[in-house]
Structures are given as structure tokens and as C-alpha cells.
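To start, the structure itself, in C-alpha cells.
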Amino acid sequence: MNTTLICIVCPVSCPCDVEWTQEDGVIKVENNQCKLAFEYVEGELFDPRRMLTTSVPVDGGNWPLVSVKTHVPIPKDQMLEAMKAIEGIRAEAPIKVGDVIVPDLLGTGSDLVATRNVTTV
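Just so you know, we're using the working numbering here: the sequence shown kicks off at 17 and counts up by one.
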């Protein structure tokens, strides 16, 4: 198969022409200006992943919500399931940036971590 993907690894955003098959994987990548495009294209075609960012309610804090994100990207096809799993979560103040709110979210190996400090009131 042939397809074109925009590589987003660097600011150049190369329009990569990709030749690939399910059996052989990525055969050829053209129009890329750096070597990072091949790995990006391969991941995007066979194991697309995304960072999940959202917020979680906080009990006893100076802010009603704390922003959170996965510490590494999770499989794209698990994003909705992850949001549903997070829906009932509440955090307790105090919270520091980097605190793990949910360890190993859905068994993905990615922790849901706080991205803001919340103090106790």
C-alpha cells in the first residue's frame, strides 16, 4: 500500500510518502528530511499512541480540579476506555506536579500524573 503521512516529530512536518504492507511493515519512506520519520511512520501505522490529557476533581484543595496527563502515550484505541475509567476518580489535596493519580492506567504501563500543584485549604 501507499499512503502519505505528515511526520510531526519535528517542526518541519514532512509529508512522507510511505510504501508498506501488513506482512512486511514499512518498506520505504520518502520526502522526509530526517531519520526520525521512519520510526514515527511505523508507529503511526502499526501502533498509534497518544498522550491523554484531562482533569480530575479535587477534594479539599485550593482548586476544584487538577490537570493530569499520562506520563507516556497510550494506545489510541484505548483513549475512550481510559476516559471512562478516569470519570469516577477524585484526588485528595495536597497534590504536587508529578504525583501519580492513577498508576498503570488500564494496564498500559502509563501512570496518570498531576500537572499542577494543588494545596490544601
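Glycine included, C-beta positions come from ideal geometry on N, C-alpha and C.
Given the structure is predicted, the values throughout are model-derived calculations rather than measurements.
In this structure, residue 43 sits near residue 35, with a CB-CB distance shorter than 7 Å.
Taking residue 60 as the centre and dropping the five residues before and after it, the same chain places the C-beta of 21 closer than 7 Å to its C-beta, in chain order.
Around residue 50, the same chain offers 26 as residues with beta carbons nearer than 7 Å, after the five sequence neighbours per side are excluded. Every beta strand (DSSP E) of 3 residues or more that sits fully in the segment 47 to 90 is shown, in chain order, as 69 to 75, 81 to 86.
If the five residues before and after residue 136 are omitted, its C-beta is found closer than 6 Å to the C-beta atoms of 76, 109, 110, all from its own chain and listed in chain order. Apart from sequence neighbours up to five positions away, the residues of its chain that approach residue 78 with a beta-carbon distance below 7 Å are 134, 135, 137, ordered along the chain.
Between the C-alpha atoms of residue 72 and residue 46 there is a straight-line separation of about 42 Å. The criterion of a C-beta distance shorter than 7 Å is satisfied by residue 117 and residue 107.
Just measuring C-alpha positions, the residue of 82, 99, 38 sitting nearest residue 131 is 82.
Here residue 33 carries a strand assignment [DSSP, helix/strand/coil]. With fewer than 16 neighbouring CB atoms inside 10 Å of its own CB, residue 29 falls in the exposed class.
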